[in-house]
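Novice: Sequential numbering of the sequence shown, starting at 2, is according to the numbering used here. The C-beta atom is built at its ideal place from N, Cα and C for all residues, glycine as well. Every value quoted in this text rests on a predicted model; they were computed, and no experiment measured them. Got a structure for you, questions after.
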Amino acid sequence: MNPHELLEQVAGQLRALVQHAVGDLVRTLPEVGEDPSAAGTVLAGRLLRVHDRLPGGDSLVEFVRETLGDLDAASPVRLHGWQRAPGAPLGVALVLNDPSGPETGRAVLGVTADGPVFDVVVTPGAALTLPQTVRGPWSVEATVTAGQGWDAAFGPGLPPAPPGGAAAIRLRRTGRLAAGMTDGPGISVDGIALSVTSEPDKPAALGLELQGLTAAVLPAALARLLGIGGASPMSGPPAQIVLRADRAGGLRFAGTGGLQVPLPLRLNGPAVSTRGAALELTSDGGTPRLALSVSASAGLPGLPLSVHLDRAGIDLPVTFSPETRPGLDPKQLRELIPDGIGTELNVPPISGGGLVRRTPEGYGGLISVDLGVLRVQAVASLRPPDGTAPTSFLVLLAAQFPPPGIQLGLGFALDAVGGLVGVNRRADVTALQQLVCDGNADHVLFPDRAVERAQEIIGSLGSAFPVAPGRILVGPMVRVTWGARMVSLSGAVILELPAPTRAVLLGRLLVGLPDPVVPLIRLQASVLGRIEPAVPLVELLVSLSGSWIVGLAVRGEIYLLVRGGQQPEFVLSAGGFHPRYIRPARVPALDQLQVDLAPGNGFGLRMEAYFAVTSNAVMFGGQVQMDATIAGCGVQGWLGLDALFVFDPVFAFSVRVRAGVAVRAFGHRLAGIALDFTLEGPAPWHAFGTGGISVLFWDVELDFDIRWGSPPATQQKGGRDPIDALNPELAKTKAWAAERPAAERTALVFTPAANEKLNEGSLVHPDATLRVTQRVVPLGVPIARFERRPVPQQTWTIKDITLGRPQPAAGLPSLSEQFVPGEFFDLAEDAQLTEPAFVSRAGGLLAGTDGVRTGPGHRVDDGYETGYEPPLPERQFSVWPGLFHREAVHAVSAAERLERWRTHEAAVQVRPARLSVAATDTLAPLLDDVSMVDATSDAWQAVSGRLARPQETLRLVESWEVGR
């Protein structure tokens, strides 16, 4: 449920309530004619006469009576009849008149039950005010202005109408309001305020403020048991809660913009502590509900047991019924089932705890027990079956040995072992990358303080290993330490099965010096690797998030990608990429390698750097920022570099340098100098950029673009002829291969020896397809470079291939290979950054083997045996008509058995019809067979020179059509 869906649900129930109330009023009130005071205005024919008073009605009518009174002659707001158009259904209208008379100004809210449809009409030039009117605990005030007039309609099926004026209506109720049980639980407020505002060029908005909200979440008996007096009121300053509703943002809390808002309330008791309280809007069965939830921990005095509850509390329905007053219905209060229930037990030497909680996809649980000689952890996630997916679960198990672990020698020790198993689950690489980049790989690898962090651990596992029907996860885990745990290495290899198989490597290296408990130097490297043989793909991501050196933060990420297949890529980066480089698909944005030297006391120094290599370019850069200010006064400076080096077609580079320094006083710049320029070269050299000087209110900027030098006198050495590399490549055995057919034409089975020779290539299957391919030059495209050196532009193709007889290559299917663009094509600087690392181009073709020389024939054993598992029951024979008895008793030769597998030739063949020339009128034959005379279907051309008759008297027909 989102704010827009909730607003639509509440609006639908309010429309139904208004429709019921207006329908009852129309049936109850007498019919009246047109209001004479509306003549000559925009209300003529629409506004009907005034009614004496507001009759009795449903809950909405009584709410209007409670706030505005009986709407009689003494009321500033009157009740009129309403008809929005001639012949339209009757409705009612609330009318606010100017005190000096309706001709001065009038505002009308007309409502028709059919829809319902709301009409807002304000006469031009009206500026109306409803002074604060107090009736019991309620007070009402309103202002309406419309210089050009306002006439708009709102309702189902009507387009949104912009406000034609400004209106503000405010209702306020003072006095305490409570909902819930007398002795708890329940909630109460000191007052409520409702406001409706509309302004030109802004959507209408509704606001509801709950003033001085307090709550009690425990029954009185349970509160006394825990040492909390009364009905467990939650202490803290009274909360001011504001709800807003409009078309743009939906129905939500003003403080958060969502359906939940935290409360500054706490439970006070000797054995109770809270971790937060919240007010939430929900929906259940189409009914909006207001829920109060609290997360708390409680323990009984004298017992080593504590209980944790997440989001336990109460909720109340928000009703809009004609029978009851709109608002909360305390009779339908119900308790919220906690999202999570946890326990902790501490009975030395055994301690531990566990938690079970609901998750968006099902249920999750965690248990951690320290047995003194072994610490055991288990995390599980379960999703019950539904109509779209079967049951799926994920289990993470870990066992940690007490210090110093199981010694392995040379200072190494086995500290923990574990594993992960998932059924109908897969590994989400994007979510795992986010875990690694955030430094939270320990959510999967032997999490510390598991019970305290249970919610985030269960959530991370659910997002990293989502539901995927038909997939299975299996992964062992291990943690090895060195030097009394100064160095800790955790790793897991997670296999995703079945095909296509994927292997995911998740690791965490932690170095803590000099003491891992209180380290001065903490270096954490989270690692994510992925191997997919089916693509093929190798990917590695390393993050230093969570590292520091003597309090100075160290950050940065390293990434490697080697991918083949249809979208080949090669990327190696430490700290990111050149600003102009476009990252390939699914390559994450990387944090630059950073060291933050910020000892405080108004001084800061940050250093950033990156280095990256692609198949076409090398790039690196960095930036140094200094900030020495106190109370907004001091000096700021920066120095940055972005460099791109190109080695193809000739050596060239592009370096951008930016630098500047500024003097600031009380947050304002007093003086500064900045320079941003780019240098490209060599031969020729090109420098361009901008510089500026600023002193107080005087600014000077200078742009420059300078070129000097000339191209090199000697051109780059040309490349060799590609034929010199192509001939040896095609002479290699690997360039030629015979592919066996996917299916055999006969049912013959080759012996193991024959299969081995076919695989080795010493024998070729008679139905094989010849494959020839190379990666020296791309075929069918013009190339201007070879081996990164210039060559005359040329295009290489395969003209034909001879296997017994020549075969033109034009009709043969081509084979794609991967080529590096920079080795064959001229690339501009921008292309070097944006072109893919590899491109697919034709590198060979497939050819048939018809006409090749075959070896001598030899006899083979075509015998076969038929077996059944399990054995078939014994056949019962009976005398059948036909020749079955002969086939059953006479032996069949091997040649006859083989013949049964062959495709028989057609028993009947259709011979092409013969053509004859006949007279057009009688079809009398003139020439019996002209099929071989000419290939034309024109009878005149077929017999030209043989029959001296006019063309129109002849007809060419098939021989069977002529008359005999």
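(1) Where do the ends of the alpha helix (DSSP H) carrying glutamine 456 lie?
(2) Per DSSP, what kind of secondary structure is leucine 916 in: helix, strand or coil?
(3) Please confirm whether threonine 175 and glycine 192 have their CB atoms less than 7 Å apart.
(4) Does the beta carbon of alanine 390 come closer than 7 Å to any beta carbon on chain C?
(5) Return the chain-ordered list of same chain residues with a C-beta closer than 6 Å to the C-beta of arginine 659, the five sequence neighbours on each side being excluded.
(6) Inspect the CB distances between the stretch 134 to 142 and the stretch 157 to 166 and report whether three or more fall short of 8 Å.
(7) Pick helix, strand or coil for alanine 755, following the three-state DSSP scheme.
(8) How many Å lie between glycine 1 and isoleucine 631 at the Cα?
(9) Contact defined as beta carbons within less than 8 Å: I believe glycine 994 pairs with alanine 127. What is the distance between those atoms, to the nearest angstrom?
(10) Can you tell me the Cβ-Cβ gap for valine 572 and threonine 615, rounded? I've got them flagged as a contact below 8 Å.
(11) Measure the beta-carbon distance from valine 539 to valine 563 and round it to whole angstroms, keeping in mind my assumption that it falls under 8 Å.
(12) What's the C-alpha gap between threonine 715 and phenylalanine 705?
(13) Kindly indicate the opening and closing residues of the alpha helix (DSSP H) around threonine 803.
(14) Return the chain-ordered ranges of every beta strand (DSSP E) run that is complete within the stretch 605 to 641 and spans a minimum of 3 residues.
(15) Tell me whether the beta-carbon of arginine 509 lies closer than 7 Å to the beta-carbon of leucine 421.
(16) With a CB to CB cut of under 6 Å and the five nearest residues on each side skipped, what residues in its chain are close to aspartate 368?
(17) In angstroms with no decimal places, state the Cα-to-Cα distance between leucine 771 and alanine 848.
(18) Which same chain residues, not among the five before or five after phenylalanine 321, have their C-beta less than 7 Å away from its C-beta?
(19) Out of curiosity, what's the CA-to-CA distance linking glycine 673 and leucine 703?
(20) Since phenylalanine 705 is in the alpha helix (DSSP H), which residue starts that stretch and which ends it?
(21) Excluding sequence positions up to five away, which residues of its chain have a Cβ less than 7 Å from the Cβ of asparagine 760?
(22) In the DSSP output, what is arginine 564 paired with across the bridge?
(23) Any contact between the stretch 29 to 38 and the stretch 73 to 87? By contact I mean 3 or more CB pairs, one from each, below 8 Å.
(24) Nearest to isoleucine 550 by alpha carbon, out of Ser527, Val543, Val596, Ser574?
(25) May I ask whether a heavy atom of the ligand ADP can be found less than 6 Å away from the beta carbon of leucine 542?
(26) Please classify valine 918 as buried or exposed, where buried requires at least 16 other C-beta atoms within 10 Å of its C-beta.
(27) Check glutamate 324 in the structure and name its three-state DSSP category.
(28) In or out: leucine 372 buried (at least 16 other Cβ within 10 Å) or exposed?
(29) Let me know the secondary structure DSSP gives aspartate 285 once reduced to three states.
(30) Kindly provide the ranges of any alpha helix (DSSP H) runs that are 4 or more residues long and lie completely inside the stretch 30 to 101, ordered along the chain.
(31) Is the beta carbon of glycine 720 less than 7 Å from the beta carbon of glutamine 775?
(32) What does the Cβ neighbour count give for valine 890, buried or exposed, with the cut at 16 atoms within 10 Å?
(33) Pop quiz: serine 574 and cysteine 438 are said to be a contact at Cβ under 8 Å. What is the actual Cβ separation, rounded to whole angstroms?
(34) How close, in whole Å, do the beta carbons of threonine 146 and alanine 167 come, if the pair is a contact with beta carbons under 8 Å?
(35) Based on Cα-Cα distance, which residue from Ser491, Met487, Phe654 lies nearest to valine 519?
(36) For aspartate 416, count the other beta carbons within 10 Å of its own beta carbon; 16 or more makes it buried, fewer makes it exposed. Which is it?
Specialist: Inspection of the coordinates gives the following:
(1) 455 to 465
(2) strand
(3) yes
(4) Although the question refers to chain C, the structure presented lacks it and comprises just one protein chain.
(5) Gly641, Asp677
(6) no
(7) helix
(8) Since the first residue of the chain shown is 2 and the last is 965, residue 1 is not available in this structure.
(9) Absent from the model: residue 994. The displayed extent of the chain is 2 to 965, so no value can be given.
(10) 6 Å
(11) 5 Å
(12) Confidence in threonine 715 is poor, its pLDDT being 48 and thus under 50, which makes the residue's placement too unreliable to answer from.
(13) Taken as a continuous stretch (DSSP letters only), threonine 803 belongs to no alpha helix (DSSP H), being part of the beta strand (DSSP E) at 801 to 804.
(14) 619 to 631
(15) no
(16) Per the sequence shown, residue 368 should be read as isoleucine rather than aspartate. For isoleucine 368, where only same-chain residues beyond five positions count, the Cβ hits under 6 Å are Gly355, Ala379.
(17) 5 Å
(18) Gln14, Leu15, Leu18, Pro327
(19) 14 Å
(20) Where phenylalanine 705 is concerned, there is no enclosing alpha helix (DSSP H), although the beta strand (DSSP E) it sits in stretches over 699 to 709.
(21) none
(22) Leu538, Glu570
(23) yes
(24) Val596
(25) With respect to the ligand ADP, the structure shown offers nothing to examine, as it has no ligands at all.
(26) buried
(27) coil
(28) exposed
(29) strand
(30) 60 to 69
(31) no
(32) Residue placement at valine 890 is poorly supported in this model, since its pLDDT is 44, which falls under 50; the coordinates still yield a value, given next. Burial call: exposed.
(33) About 14 Å separates the two Cβ atoms, so there is no contact after all.
(34) 5 Å
(35) Met487
(36) buried
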